[in-house]
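Here is the structure we will look at, set down as structure tokens.
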Amino acid sequence: MNAAVEHRHADVTASPSPALRARVIERLAAILPTGSLLYRVEDTRPFECDGLSAFRQLPMAVALPENESQVCEILRTCRELDVPVVARGAGTSLSGGSMPHGSGIVLSLAKFNRILEVDAMARIARVQPGVRNLAVSEAVAPHGLYYAPDPSSQIACSIGGNVAENSGGVHCLKYGLTCHNVLRVRLVTIDGEILEFGSEAPEVPGLDLLSLIIGSEGMLGVVTEVSLRLLPKPELARAVLAYFDAVEPAGDAVAAIIAAGIIPAGMEMMDQKAVRAVEPFVQAGYDLDAQAVLIVESDGTPEEVDEEIARIEAVLRDCGCTAIRVSESEEERLRFWSGRKNAFPAAGRVSPDYYCMDGTIPRRTLGRMLKAIEAMEEKYGLRCMNVFHAGDGNLHPLILFDANEPGQWDRADRFGAEILETCVEYGGTITGEHGVGIEKINSMCVQFSPAEREAFFALKRAFDPQELLNPGKAIPTLARCAEYGRMHVHAGQVRFPELPRF
Ligand SMILES: Cc1cc2nc3c(=O)[nH]c(=O)nc-3n(C[C@H](O)[C@H](O)[C@H](O)COP(=O)(O)OP(=O)(O)OC[C@H]3O[C@@H](n4cnc5c(N)ncnc54)[C@H](O)[C@@H]3O)c2cc1C
1 MNAAVEHRHA
11 DVTASPSPAL
21 RARVIERLAA
31 ILPTGSLLYR
41 VEDTRPFECD
51 GLSAFRQLPM
61 AVALPENESQ
71 VCEILRTCRE
81 LDVPVVARGA
91 GTSLSGGSMP
101 HGSGIVLSLA
111 KFNRILEVDA
121 MARIARVQPG
131 VRNLAVSEAV
141 APHGLYYAPD
151 PSSQIACSIG
161 GNVAENSGGV
171 HCLKYGLTCH
181 NVLRVRLVTI
191 DGEILEFGSE
201 APEVPGLDLL
211 SLIIGSEGML
221 GVVTEVSLRL
231 LPKPELARAV
241 LAYFDAVEPA
251 GDAVAAIIAA
261 GIIPAGMEMM
271 DQKAVRAVEP
281 FVQAGYDLDA
291 QAVLIVESDG
301 TPEEVDEEIA
311 RIEAVLRDCG
321 CTAIRVSESE
331 EERLRFWSGR
341 KNAFPAAGRV
351 SPDYYCMDGT
361 IPRRTLGRML
371 KAIEAMEEKY
381 GLRCMNVFHA
391 GDGNLHPLIL
401 FDANEPGQWD
411 RADRFGAEIL
421 ETCVEYGGTI
431 TGEHGVGIEK
441 INSMCVQFSP
451 AEREAFFALK
461 RAFDPQELLN
471 PGKAIPTLAR
481 CAEYGRMHVH
491 AGQVRFPELP
501 RF
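Structure representation (structure tokens):
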């Protein structure tokens with residue numbers, strides 16, 4: 001394979017020639033209504049990054065189509081002019097996945113914000129991709145239904161972004177990730193063709209291409225419609241708050257609960273640094289002296305919940321927890337959760353900047369991993385708060401740093417890379433739910449062999465032969481991995497030399 005030819009758009013910082021820019025703007029303006037194409041710097045600036053603001057890049061233009069035929073025409077035009085396209089939902093991604101390409105356009109789905117149909121009998125909602133995650137549950141609540149995957153960003157993030165990232169949340173341990181709750185997607189290819197994968201019927205013949213699309217990070221097509229599975233709202237939910245005087249037994253308790261055959265509705269963990277940051281912020285009532293806090297939720301009928309909570313309490317006590325509280329009201333249950341749900345903003349209160357990592361490990365290695373992260377805090381001279389989707393073995397270490405202090409970002413960056421590599425060493429993965437994007441592209445070199453990465457590219461090229469959809473993200477080129485290996489071994493510095501810094 002000739003990497004130079006095959007990956008022409010891998011450099012996301014490349015600038016377009018003035019002639020190409022003028023041509024693209026002229027062609028897109030002819031497709032879109034007035035005001036739906038942004039190309040002045042002051043208008044495109046709000047799109048320069050996603051939730052991972054360390055990586056920024058202005059796009060050539062931002063297109064805001066209103067209907068599917070405009071999406072088809074935009075994509076056909078970009079293919080003809082050889083222009084990269086980055087689809088964008090709400091821009092809350094934490095891996096730089098929706099960061100623009102310098103010589104490409106952003107295709108924003110912000111105007112695709114309608115819930116098209118709710119079939120309460122079939123428990124299915126058909127929605128446009130720009131609909132906010134929480135808006136689905138709000139709209140179907142009168143039918144006693146809800147949409148289970150609940151990222152902490154659910155107030156803002158879009159269903160299209162959830163599909164592209166295969167997003168998870170607190171309740172995914174029991175009810176599955178986005179991939180378990182999406183029945184069908186409709187997407188537009190770079191050729192402007194409309195494809196549908198999956199079905200609202202129980203069985204679909206043919207290859208399971210729906211699974212391929214979910215989690216594909218905007219690299220295979222632009223999703224324009226999604227059918228979601230809805231669930232009946234459980235009659236009752238109660239949360240158990242358990243305190244531990246060390247992190248390792250808390251990690252062991254997580255593994256022991258699952259080993260006991262219990263699948264809680266949610267099982268999350270915070271270390272003392274996280275607890276001490278969130279408590280003054282939201283007053284969840286956590287014990288500040290506890291070294292680790294575990295929140296375990298049970299839902300179902302009142303009888304089911306009582307029985308499950310008794311079993312959970314028994315396992316927690318066996319694992320050495322120092323105290324247990326069980327929510328006595330819905331208000332108290334929400335208060336228990338408020339600390340965990342606000343951990344990210346709380347990090348922003350105690351540190352000028354924070355870097356949220358996202359890796360997975362086998363549950364049994366949680367305690368060991370926490371010890372390893374403690375050693376890394378010493379090594380890099382930075383503090384790290386730990387919050388976890390513990391039941392899924394999904395870590396979210398929040399590395400605290402100050403971007404205005406020279407060298408701190410580089411140390412945070414290397415700290416993050418070492419966490420991800422340790423995840424792989426322990427038998428885990430470099431991402432749990434935030435995607436690879438630009439952030440973890442080098443870590444993909446650690447997780448996958450050259451032959452495996454080439455298989456990813458072969459699939460991408462089947463959908464997108466010119467590699468125009470979100471290029472330079474998610475799959476590292478052979479050349480990039482070779483360079484990463486060289487830097488990693490000899491210097492261990494700067495993971496993204498070509499990317500803009502603060
Ligand atoms: C405070 C905070 C908490 C978070 N908590 C969680 C959490 O608990 N769980 C979790 O999983 N994530 C979490 N996230 C990450 C983020 O919210 C999710 O990844 C979310 O799914 C992104 O949705 P979005 O609409 O913002 O997508 P964007 O950021 O706009 O895009 C993300 C990716 O999806 C692609 N994309 C977007 N729309 C489409 C489309 N229509 N067709 C094709 N590709 C598309 C983009 O190209 C990009 O690659 C959190 C983020 C923040 C800021």
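If you're matching positions, the sequence shown starts at 1 in my numbering and goes up one per residue. Beta carbons: idealized from backbone N, C-alpha and C, even for Gly. The structure displayed is predicted, hence computed values, not measured ones.
query, result
"Cβ atoms of alanine 284 and arginine 349: under 7 Å apart, would you say?", "no"
"The beta strand (DSSP E) with valine 108 in it runs from where to where?", "Here residue 108 turns out to be serine, not valine, going by the sequence shown. First-last of the beta strand (DSSP E) with serine 108: 105-108."
"Could you check if methionine 357 is buried or exposed, using at least 16 other CB atoms within 10 Å of its CB as the buried criterion?", "buried"
"Along the chain, where does the alpha helix (DSSP H) containing serine 443 start, and where does it finish?", "443-447"
"Since methionine 376 is in the alpha helix (DSSP H), which residue starts that stretch and which ends it?", "366-380"
"Secondary structure at proline 18, three-state DSSP: helix, strand or coil?", "helix"
"Check whether the segment 227-235 and the segment 122-140 touch, using three or more Cβ-Cβ pairs below 8 Å as the test.", "yes"
"Only counting the same chain, and skipping five residues up and downstream in sequence, which positions put a Cβ closer than 6 Å to that of aspartate 299?", "Pro234, Ala237, Ala265"
"Alpha carbons only, please: which of Val118, Lys371, Cys319 is nearest the one belonging to alanine 141?", "Val118"
"Which residue marks the beginning of the alpha helix (DSSP H) containing aspartate 318, and which one marks its end?", "302-318"
"Can you give me the C-alpha to C-alpha distance between histidine 389 and lysine 174, rounded to a whole angstrom?", "12 Å"
"Is the separation between the beta-carbon of serine 158 and that of glycine 89 shorter than 7 Å?", "yes"
"Answer with buried or exposed for valine 5, where buried requires no fewer than 16 other C-beta atoms within 10 angstroms of its C-beta.", "Low local confidence applies: a pLDDT of 42 at valine 5 is under 50, so the model's placement there is unreliable, with the coordinate-based value given in what follows. Valine 5 should be labelled exposed."
"Report whether the distance from the Cβ of cysteine 157 to the nearest heavy atom of ligand 1 is below 6 Å.", "yes"
"Near lysine 81, which residues of its chain fall below 8 Å by C-beta distance, leaving aside the five closest residues on each side in sequence?", "According to the sequence as given, residue 81 is leucine; it is not lysine. Leu20, Arg23, Val24, Arg27."
"Using only the alpha-carbon positions, how far apart do valine 83 and arginine 8 sit?", "11 Å"
"Assign serine 449 to one of two classes, buried (16 or more other C-beta atoms within 10 Å of its C-beta) or exposed (fewer than that).", "exposed"
"Between His143, Ile309, Arg126, which lies nearest to glycine 160 when the distance is taken from Cα to Cα?", "Arg126"
"Thinking just about the alpha-carbon of each residue, which of Val85, Gly391, Asp402 is nearest to the one in cysteine 384?", "Asp402"
"Let me confirm a value: aspartate 318 is counted as buried when at least 16 other C-beta atoms fall within 10 Å, else exposed. Which label applies?", "exposed"
"Scan the segment 101-158 and note each continuous alpha helix (DSSP H) run of 4 residues or more that stays entirely inside, going in chain order.", "133-140"
"Going by the CB atoms, is the gap between valine 85 and leucine 109 shorter than 7 Å?", "no"
"Quick one: is threonine 34 buried, meaning 16 or more other Cβ sit within 10 Å of its Cβ, or exposed?", "exposed"
"Do glycine 89 and ligand 3 come close, with the Cβ less than 6 Å from some heavy atom?", "Among the ligands present in this structure, namely ligand 1, ligand 3 is not found."
"On the DSSP letters alone, give me the boundaries of the beta strand (DSSP E) that cysteine 423 sits inside.", "Element bounds for cysteine 423: not the beta strand (DSSP E) but the alpha helix (DSSP H), 408-425."
"Checking 7 Å against the spacing of the C-beta atoms, do leucine 422 and alanine 458 come in under that value?", "First, the residue type needs correcting, since residue 422 is threonine and not leucine in the sequence shown. Not in contact: threonine 422 and alanine 458 (Cβ atoms no closer than 7 Å)."
"So for proline 232, helix, strand or coil by DSSP?", "strand"
"Exposed or buried, which one is aspartate 464 when buried takes at least 16 other CB atoms within 10 Å?", "buried"
"Considering only their Cβ atoms, is the gap separating asparagine 133 from alanine 271 smaller than 7 Å?", "Per the sequence shown, the amino acid found at residue 271 is aspartate instead of alanine. No. Outside cutoff."
"For asparagine 67, which three-state DSSP category applies?", "coil"
"How would you call asparagine 539, buried or exposed, if buried means at least 16 neighbouring beta carbons within 10 angstroms?", "Outside the shown range of the chain (1 to 502) lies residue 539, about which nothing can therefore be said."
"Please tell me whether, using a cut-off of 6 Å, the distance from the CB of alanine 164 to the nearest non-hydrogen atom of ligand 1 is below it.", "yes"
"Does the beta carbon of serine 53 fall short of 6 Å from some heavy atom of ligand 1?", "no"
"Verify whether the separation of the beta carbon atoms of leucine 183 and phenylalanine 197 is less than 7 Å.", "no"
"Quick check on DSSP: helix, strand or coil for alanine 292?", "strand"
"Measure the alpha-carbon distance for tryptophan 409 versus valine 247 and round it to whole angstroms.", "27 Å"
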